[in-house]
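Novice: Numbering (the numbering used here), first residue to last: 254 to 367. Note that beta-carbon positions come from the ideal geometry of N, C-alpha and C, so glycine has one too. Being a predicted model, the structure only gives us computed values, none of them experimental.
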C-alpha cells in the first residue's frame, strides 16, 4: 500500500517536472522572440542615425521620393519590433505565473526552481 502511494507520488513529481521543463522551454522561446524584437527595433534607429549624420551631404527635398518609402518601411519595422517585444514580455509573465502554480503544488519542485 505504502509502495503504491510512493510510486504515485513519484509519478506526480515526474509529471510536474515535465510541465516545468515545458514551460521553461516556452519561456526560452519568448526570450528569443524578445531578442529578435530588439534587433528589429534597432534597425530603424541605426538607419535614422546614419541619415542624420549624413544629412549635410544631400538635400532632403531632392531625394524625397526615396525618403518617404524609407520612412514607411522604418515605421513598419518599429511597429513590428514593439509588437514582438510587448508580446514576448506578456508571455513571459504568463509563464512565470504558471511556474508559480507548479511550485505551489510540490515542495520538491519549489526547491529546484527559483
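1. Helix, strand or coil for residue 341? Go by DSSP, reduced to three states.
2. Starting from residue 363, trace the alpha helix (DSSP H) in both directions and tell me its first and last residue.
3. How long is the line joining the alpha carbons of residue 287 and residue 360, rounded to whole angstroms?
4. Return the residue from the list 325, 315, 309, 284 that minimises the CA-CA distance to residue 349.
5. Could you pull out every residue in the same chain whose Cβ sits closer than 6 angstroms to the Cβ of residue 276, ignoring the five residues on either side in sequence?
6. Just tell me which of 263, 264, 291, 365 has its CA closest to the CA of residue 341.
Specialist: Result, derived from the coordinates:
1. Annotated three-state conformation of residue 341 is helix, per DSSP.
2. Unbroken alpha helix (DSSP H) run through residue 363: 360–365.
3. Rounded to the nearest angstrom, the gap between the Cα atoms of residue 287 and residue 360 is 31 angstroms.
4. That would be 284, whose Cα lies nearest to the Cα of residue 349.
5. So the qualifying residues of the chain are 348, 351, 352.
6. Cα-wise, what sits closest to residue 341 is 291.
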